[in-house]
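Numbering (UniProt numbering), first residue to last: 1 to 613.
Ideal Cβ placement from N, Cα and C applies to all residues, glycine included.
Have a look at the structure below, then the notes.
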């Protein structure tokens, strides 16, 4: 890792340094607040999957059958990692009792999806298919398969937009299989779409009273589209409503009432925008009612826009940007007041784990600017580089190195995380703020102890910053010290230089370990040196040194344990050694815990002190 900012140790941190840190960070956040129109507001997001299509394929290439298939089916997605019964999302449903079958050519064709009918906020999504052909009177495809999310195989340079295909083979006699195409997004947000026809503001001519009261028949299309940042593949229009002029499946519409869309939930990249295209015709007069589109920026709130019609009717489009993890559900808002540790009064605190920089370019970035936190005690810098000393973010790497502060980040009644980053050559420009909103304790209890992520869009949607953080309900402060000791008894100690590379990672046992994604983005990397850029120190007998940590103060849940994962190698011209171990520290009352990890040539001493956050 590149050289990081020098931050005084906790015991040496002067009031002057704290005042300067707070003042500069506060001024940055205040400046953003005074000119919010020019900066992006962080969008809450989560890893999602979007089913794009389900197609039937004829696997019997030698068949001469010319007939079509008459399809009834039930296709749904469910979360296999929860015992809740309300996670099922239907994406296609045609039953013998209430629907006409969909006619699909025998050689194959794509089903007209009618969902999802709800938010697919799931840890382990599985898709179930039960497809019945009325012509042969039997089920032709039946199966239950996992949908792979980007977070299931994340790495430092993982692809945050992944197109995947899945084949579900049918019964051998049917000669049919189902091919599923879906998109997995690391940073996604769900949008619920509503469209209704309303009286035009111009009122060019009066609409008939009977039509106004009883409604009228319409046909046409309503679709959604968005942009991807890095993928060569593109998502074509997602159809929300499609009725042809010669179809018997026309829709009856009343003014001021939402149209019955075939699907209303769309997963959107948090760093993109959503465009809704509307084209509706009057079935009786064959006249065009409204044609146009509206672009909606991803936000944390609902938005409404109007598409002006050609006569006396307009289309009003409403987008509700849903909260991640269904945090608006009553279950998510349950009380968290339980089990305070007896040694401390434990307030809530914020822990910022990592910042992911997504960009379209594959060129190295030379980033300068600041990332700052503002909350109860004031503002603190988490990253700070000037234009003359930028941080180099090479292709294949996405994480910004964070440094300090050596205090816990108290959220107070509200907090903000500001990002102001630019590339020296102008390749990216990211300016924005992540805001908690006010009244955290009273209104956002369901957000505590969640692995949260907010995306701040870059200029022209060519880059973004994803801030990974959590709000700990009842936090305990941990102060960490790590020392390295060389053992005696080796003849070459005094004449050689050792090269140490590897990492020290801090995490707690409450969350952040379920997937490679969580292990990568929701842990504190407190020391990291690649083999190409090792830490060089003399191999002197009984030599000891304090390891400079990028962060030595953490907030952990009161009912948790702190874990330190050690993975260090020591290379010398004549010998080498390594230490790889994970040590657990339990919460203790205002005491210190010391653990020594022994290696062949050197040892590590880890000291942990617990105190009030």
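With 16 other Cβ atoms within 10 Å as the buried cut-off, status of residue i
i	result
residue 426	exposed
residue 3	Reliability of the predicted coordinates at residue 3 is poor, the pLDDT of 35 falling under 50, and no value is obtained from them.
residue 40	buried
residue 406	buried
residue 285	exposed
residue 386	exposed
residue 558	buried
residue 608	buried
residue 334	Only weak support is given to the placement of residue 334: the predicted model assigns it a pLDDT of 48, under 50, and the question is left unresolved by the model.
residue 610	buried
residue 161	buried
residue 338	For residue 338, the pLDDT reaches just 44, beneath the cut-off of 50, and the residue's location in the model is therefore unreliable, leaving the point undetermined.
residue 11	Since pLDDT at residue 11 reaches only 39, below the 50 mark, its modelled position is unreliable, and the value read off the structure follows with that caveat. That one is exposed.
residue 331	In this predicted model, residue 331 has a pLDDT of only 45, less than 50, meaning its place in the structure is not dependable; the value taken from the coordinates is given anyway. The residue in question, residue 331, is exposed, as its Cβ has fewer than 16 Cβ neighbours within 10 Å.
residue 244	exposed
residue 96	exposed
residue 424	exposed
residue 115	buried
residue 518	buried
Beta strand (DSSP E) segment containing residue i, residue limits
i	result
residue 518	Careful: residue 518 lies outside any beta strand (DSSP E), inside the alpha helix (DSSP H) at 516-521.
residue 429	429-435
residue 221	216-226
residue 576	576-586
residue 145	138-146
residue 308	Where residue 308 is concerned, there is no enclosing beta strand (DSSP E), given that its DSSP letter is neither H nor E.
residue 193	176-199
residue 470	463-472
residue 554	553-557
residue 168	161-169
residue 93	89-94
residue 258	From DSSP, residue 258 is part of no beta strand (DSSP E); its letter is neither H nor E.
residue 385	378-385
residue 126	125-133
residue 60	Counting along the chain, residue 60 falls outside any beta strand (DSSP E), and DSSP gives it neither H nor E.
residue 74	68-79
residue 239	238-243
residue 105	102-105
residue 538	535-538
Cβ-Cβ distance between residue i and residue j below 7 Å
i	j	result
residue 45	residue 303	no
residue 92	residue 132	no
residue 220	residue 279	yes
residue 189	residue 268	yes
residue 274	residue 191	yes
residue 485	residue 544	yes
residue 572	residue 498	yes
residue 135	residue 47	no
residue 481	residue 524	no
residue 430	residue 465	yes
residue 325	residue 592	no
residue 414	residue 475	no
residue 473	residue 507	no
residue 365	residue 393	yes
residue 127	residue 145	yes
residue 682	residue 170	An answer regarding residue 682 cannot be provided, because it is not within the stretch 1 to 613 covered by the chain.
residue 597	residue 579	yes
residue 272	residue 226	yes
Cβ separation of residue i and residue j, assumed to be a contact under 8 Å, to the nearest whole Å
i	j	result
residue 223	residue 291	About 12 Å; that fails the 8 Å criterion.
residue 421	residue 367	5 Å
residue 500	residue 534	6 Å
residue 255	residue 288	Contact doesn't hold; Cβ gap of about 17 Å is too wide.
residue 409	residue 349	6 Å
residue 560	residue 594	Between residue 594 and residue 560 the Cβ distance is about 20 Å, and since that is not below 8 Å, they are no contact.
residue 106	residue 67	6 Å
residue 434	residue 467	5 Å
residue 352	residue 313	Their Cβ separation, rounded to whole angstroms, is 49 Å, which puts residue 352 and residue 313 out of contact at 8 Å.
residue 182	residue 50	6 Å
residue 412	residue 375	5 Å
Counterpart residues of residue i in DSSP-defined beta bridges
i	result
residue 273	297
residue 524	506
residue 114	Paired residues: none, contrary to the question.
residue 563	507, 584
residue 394	For residue 394, which the question treats as bridged, DSSP gives no partner whatsoever.
residue 478	554, 610
residue 486	602
residue 46	188
residue 291	279
Test: residue i CB closer than 7 Å to a CB of chain C
i	result
residue 234	The structure shown contains no chain C; it is built from a single protein chain.
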